[in-house]
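Sequential numbering of the first sequence, starting at 2, is according to this note's numbering.
We put the CB at the ideal spot given by N, CA and C, even for glycine.
All remarks here apply to the structure that follows.
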Amino acid sequence: VPTHPDRPYSLRPMTGYTSLDDLPPTFDPSATERTWYDRWTADGVFTADPDRASSRPSFVIVIPPPNVTAVLHMGHGLNNSVQDVLVRWRRMAGDEALWMPGTDHAGIATQNVVEKLVAREGKSRFDLGREAFVARTAQFVEATGGTILQQLKAIGASADWTRTAYTLSPELSRAVREAFVRLHDDGLVYKGHRVIHWCTRCGTSLSDEEAEFHDTKGKLYHLRYALADDPSRGITVATTRPETMLGDVAVAVHPDDARYRDLVGKELLLPLANVRIPVIADPYTDPEFGSGAVKITPAHDANDFEVGKRHKLSMPVVIDAEGFMREVVDADGRIPESLRGLDRFDARQRVVALLQEAGTLQKIDAHDHSVRHCYRCDTVVEPRLSDQWFVRMQPLAAKALGALRGGELRILPERWEAVYVNWLEGIRDWNISRQLWWGHRIPVWYCDACGVEPIVSRDDVTACPSCAGPVRQDDDVLDTWFSSWLWPFSTLGWPDMESRDLKAFYPTDVLVTAPDILFFWVARMVMAGEWFMQKSPFHTVYLHGTVRDMQHRKMSKSLGNGIDPIDVVRDYGADALRWTVIAGLGVGVDVMLDPDDLDKSFAPGRNFCTKLWNIGRFLLSRVGSDPVTPLDRVEVARLTAADRWILDRLDQAVADCDAALGPARPGGAAWEPNDRLRGLRLAEYAESARRFVWNELADWYLESVKPRLAADGDDREVARTVLAHAFDAALRLLHPIIPFITEELWQRVPLPRPSSYCANAPWPTARPGGERLPGGDDFEVVRAAVTSLRQVRSEYNVPPGQFVESTLVGPADRLADFQSLATIAGAMSRSSMALASEAPNGAAAQTLLRDGFELVVPLAGMVDLDKERARLQSEATQLHTQLMALDGRLANEKFTAKAPAALVQAERAKAEEWRERHSQLLERIARLGS
RNA sequence: GGGCGUGUAGCUCAGCUGGUUAGAGCGCUGCUUUCACACAGCAGAGGUCCGGGGUUCGAGUCCCUGCACGCCCACCA
């Protein structure tokens, strides 16, 4: 039997031992998972070598770096299981596989955690001072950080830990500075003065993406501002935030709005503040909304800011950085004494009360709108006028769009491509400065003495290049995502273009993540990759679903509906966890798990692992520990029909798994349209492998082979070979999903081993040529016979212990081929199965099988003729109906003319087969009558 | 307001360019503790493929429409 020529076996000494007693009835993950993981890592199985990548393809995945303070949750469990499946698959398939692990310093998130710790000591970060606080944070990260990486090991993640990266490491910090300086040189980094999103709790600005919308039931307050010189006239404006009225500098109406035309240019008296503000005309105003007049507060609303700029209005700031009413800039005594120092929401109540007293408040409507909240602490975001660093995004976005449109990049599931395009087309500049302490400090220095342009530098600046005077560095740090977007190449050594890793492993291959960071991270990585490396950082983005509970709610700490993957690993094993999420993972579909019933949630994984274990336990005990003859040394002629059948099924399973998983990469620089949507169907791959090992190998082949294994002789050796070969291949197919149990079993298969571990054994390949072994189909007759005999037994309630006689009736010239098959079928159905070319006389249950075979079960004294007649009649009727429909179709000239010839051919053959079968059924019914 | 998606077995979902008698897991019913496995085996029940229209020789699959859900984006005063 030819095996794949590229995969010669090298004989290695067997270390396995096998008897049923050696292996307990259920797999004990805790006893073995840790051992195998340690051995894999100790032997460098996960360590990639850039030199080897010159002689074979590389396959690289960079981990979405979890926050350094994170602990593993099911989302990580799912995300990393997917990545590990892909990396293990490609490693076995012969690629130089690298899974780059690491963590993110997570600016705001980590700073918040440490601030809370400090707060417990009754202090704020300002009490400690910047240097001490940063040191404290670094120390905290040092002591507690990276827990999640240890937890990833517990679920079997085959990352290359020798390369573990960290966004705040010196190496990656260097990359961050390089990127900032280069973008500045390219004219894409600039300092802007505008209204940005401000979190009053975190004390920092936020990007658009970090200020999340939440639908809120709010109120719309209608205020009447009277004309300064004629209080009998006025304009009504509507606002959801009355406290900002103190910062109003104008009221805007639409230029074409006839209602207000005569008021434009006149002045209104702003209540409470008692300042005069003009009525202006600006097309920003929507005449249809509210009264058609809008109050303009340039310092506290991004749109109003634009209006203010157009009309050169002043921009008084009346709310401070902590969210309290305070005159910050240009307010000139606008804030009444009674409001000063109030929290913005308390001030809202007070302002409303004051306006009501003043008769200015006309009405309050309920109003549903979306309000931005800080994505880290959920505080309502305050629009705030300030100076921030921005990245001009349009040129970068154009490149990222080009990568997708040119086919260099694909996103699965495909529908996310539209979302990606939509965002990039409407891109806005990215605010990258944060008023935090934990992060990469902005590499910009100022000289207060001579006032030269800000100095942007890769290296620390200690003296002014112009006047040699002292300089001070910008106080702000960069957005966390400004380091993350460099991750696919900063982790490989960039900006050192001669780095071996960078040369060998960039671009990477697949990026695996959830859709919620498509904008935060994925799209920006594409931009950075295209801009700095002139190549998309990966060719495939695989977006998987979210882990949810039974009410479809996202699992979260606050809802208390989470599942701790470590609990699952402890109770059921990492393999059960991995199998459950992978086998249940439709592309882009959410995974539902019940946090209140882990037994049920993880039953698919647990059950399958136990089943596989028992298949292995039994199979290995029967095969024994003596070395098995490799399959390529067995003559084809010695293979039985069952052997041929299972080897064909194995080829099919390998082909199915390959089709579900691949292609691993595009054929050229871009995806071919035909390949673009293919591959990464992990659930389908899992199902193909499961079906082979459980429903084909265990349920049928293993059952059929029991008698052969019990007898001594040459045929026993053939059966051992086929069993060992099929099981070995099955274990390899399954290994990427369930690495531990497959390794444990694979080590005991008494075949010559091509590698130390299943983890780096070659991926199975179908026998070359793709042709099927002759005679493999004969076993299908056995399957049909056994199934039908079991049906008869079940239908007639034949006790399990009762032996049944049966006859397999078939074409005379084929009976010889079925001698041993009939024995097998009998053994599998607790019956004797005689062979005959004519059905014996007498009452019997009869079932038509396939290929002209028929099963006859006399069941002396038990057969109910009426029942049998009804059974056959019902089958005949059903068949007849279908046959009529099929004949109708074949008689339709349009069908025969338009349908593909192969289909018409197949349908004709099917019709003939059905017609034959139908007439046979009628014949049997007639014979029953006699 | 703009864009996208979903609706198939009791539940969660497959069904890839329209073409066998629409599948899987879990759950359910009956039988079996038979010498690998009851986390199992065997047999079985269960589907108007959301409703309506259309295109086609042929529709779960394509188009239109209605209903019901969901997601993303947005300068919702």
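For the beta strand (DSSP E) that contains residue 389, what are its first and last residues? 383-392
Other residues of its chain near residue 695: CB distance less than 7 Å, five sequence neighbours each side excluded: 612
Where residue 608 falls: helix, strand or coil (DSSP): helix
Assuming residue 827 and residue 833 are in contact, meaning their beta carbons sit under 8 Å apart, how far apart are those beta carbons, in whole angstroms? 5 Å
Start and end of the beta strand (DSSP E) containing residue 205? 205-207
Drop a sphere of 10 angstroms on the beta-carbon of residue 92, count the other beta-carbons inside from all chains shown, and report buried for 16 or more, exposed for fewer. buried
Since residue 937 contacts residue 297 with CB under 8 Å, what's their CB separation in whole angstroms? There is no way to answer for residue 937, as the model of the chain reaches only from 2 to 931.
Mind checking whether residue 252 and residue 295 have CB atoms under 8 Å apart? yes
When the distance is taken between beta carbons, is residue 32 closer than 8 Å to residue 69? no
On the three-pair Cβ rule with 8 Å, is the segment 302-314 touching the segment 272-284? yes
Of all the options 343, 369 and 134, which has the alpha carbon lying nearest to the alpha carbon of residue 218? 369
DSSP state of residue 804 mapped onto helix, strand, coil: coil
Assign residue 208 to one of two classes, buried (16 or more other C-beta atoms within 10 Å of its C-beta) or exposed (fewer than that). buried
What's the call for residue 637, buried or exposed, on a 16-neighbour Cβ count within 10 Å? exposed
Cβ shell of residue 402 (< 6 Å), same chain only, five flanking positions each side left out: 425
Hey, quick one: how far does the alpha helix (DSSP H) through residue 874 stretch, first residue to last? 866-892
Could you give the distance in angstroms between the alpha-carbon of residue 155 and the alpha-carbon of residue 42? 13 Å
Per-residue DSSP class, three states only, for residue 220: strand
Could you tell me the alpha carbon to alpha carbon distance between residue 506 and residue 691, rounded to whole angstroms? 33 Å
Counting beta carbon pairs with one atom in the segment 745-755 and one in the segment 623-637, are three or more of them shorter than 8 Å? yes
Determine whether the beta carbon atoms of residue 66 and residue 104 lie at a separation below 8 Å. yes
Suppose the cutoff is 8 Å on Cβ atoms and the five residues either side in sequence are ignored; what does the same chain contact list for residue 761 look like? 46, 92 and 93
Cut-off 8 Å between Cβ atoms - residues of its own chain near residue 536, not counting five sequence neighbours on either side: 409, 507, 508 and 530
If I follow the unbroken alpha helix (DSSP H) through residue 688, where does it start and stop? 683-691
Check whether the Cβ atoms of residue 262 and residue 270 lie closer than 8 Å to each other. no
Going by DSSP in three states, residue 549 sits in which element: helix, strand or coil? strand
Looking only at DSSP bridge pairs, what is residue 296 linked to? 252
Just to confirm the assignment, what range does the alpha helix (DSSP H) spanning residue 77 have? 75-93
Leaving out five residues before and five after residue 683 in sequence, what residues of the same chain have Cβ atoms less than 7 Å from its Cβ? 83, 86, 583 and 586
Going by alpha carbons, who is nearest to residue 525 out of 550, 448, 485 and 739? 485
How would you label residue 481, buried or exposed, when you count the other beta carbons within 10 angstroms and need 16 or more for buried? buried
Going by C-alpha to C-alpha distance, which of 25, 62 and 57 sits closest to residue 543? 62
Taking residue 758 as the reference, give the member of 767, 743 and 765 with the closest Cα. 743
State buried or exposed for residue 191, treating a residue as buried only when at least 16 other CB atoms are found within 10 Å of its CB. exposed
Within its chain, find whatever has a CB closer than 8 Å to the CB of residue 161; leave out the 5 residues flanking it on each side and keep chain order. 47, 48, 49, 99, 100, 101 and 102
What are the uninterrupted segments assigned as alpha helix (DSSP H) that are 4 or more residues long and contained completely in the segment 392-453, given in chain order? 395-406 and 416-426
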